[in-house]
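Notes for the one structure printed next.
In our numbering, the protein residues as written are 885 to 1166.
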């Protein structure tokens, strides 16, 4: 799903208000004039959030901005690539500059990390998933960026997939019975996932006939073995302790997916600059 204006308007309004507040104090020295600004990639990476400057311009409720993206979300670009140009009154451009850059840099960093993970794993039979380890308020943007990098979104929140993790399991003595109660409570349209750390827990999850079983903090060898023990109607997921360096070891492990918290939890921003180049009348 693309980040349309209707989807991002509310959070972007909050972000812009956080920065602008009661008004930009430097407006008083700015002579009204139309200028051209350029977004440029200073490092190579995968682009995400290219539509956001235009959305921020709409929130300002001004009709003087003309935005022209030069690349698309999901596109790999080299350092020095012009990502977009925007034309408008200098005061308006400077109001949206920082919010646009903060989001585009973070999102492009996430997209780049995701693409690197997909490439390192090099196994089209296994999906690269994100997690709920996102910055509060940014989950919509973080998870969209993962998709731009070739990854797949795990659950958006606690509301769209029931997941029984270690702290849940510590309170449960009969997993199949608990899963049956849960299925009755949430209905057939919601899936149930269970995290397992031992063969005993794996066998209990299989007996409970859950939809997804997560192999938590297991070696590549254990993941591959446990996948052979799991019936084909149950999806499998490996998670915990998996990094870019050891991802290739999970190639061919026959799990459905590998979830990586670091994609959105340890973000290295892509370096993007914004510069006012000249008057639009030149």
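We put the beta carbon where it would ideally sit given N, CA and C, even for glycine.
For residue 996, the closest of 1046, 927 and 951 by C-alpha to C-alpha distance is 927.
With a cut-off of 8 Å on Cβ pairs, the region 1052 to 1059 is not in contact with the region 1005 to 1022, counting fewer than three such pairs. For residue 989, no beta strand (DSSP E) encloses it; the enclosing alpha helix (DSSP H) starts and ends at 974 to 1005. At the C-beta level, residue 1078 and residue 1097 come within 8 Å of one another. For residue 1097, the enclosing beta strand (DSSP E) stretches over residues 1096 to 1100. Counting C-beta pairs closer than 8 Å gives three or more between the region 1136 to 1149 and the region 1097 to 1114, which meets the contact rule.
Excluding the 5 residues flanking it on each side, residue 979 has same chain C-beta neighbours closer than 7 Å at 904, 908 and 944, in chain order. The alpha carbon of residue 961 has as its nearest neighbour, out of 931, 906, 1026 and 1144, the alpha carbon of 931. Under DSSP, the beta-bridge partners assigned to residue 1119 are 1096.
Taking every protein chain shown into account, the CB of residue 1008 has fewer than 16 other CB atoms within 10 angstroms, so this residue is exposed.
Out of 935, 1100, 899 and 911, the CA that lies nearest to the CA of residue 1123 is found in 1100. By the C-beta density criterion, residue 1154 is buried, having at least 16 other C-beta atoms within 10 angstroms. Per the coordinates, the alpha-carbon of residue 959 lies some 14 Å from the alpha-carbon of residue 924. The three-state reading of DSSP puts residue 1159 in strand, counting E and B together. In the three-state DSSP reduction, residue 1137 falls in the coil class, being neither helix nor strand. Counting only the Cα atoms, residue 1116 lies some 10 Å from residue 1095.
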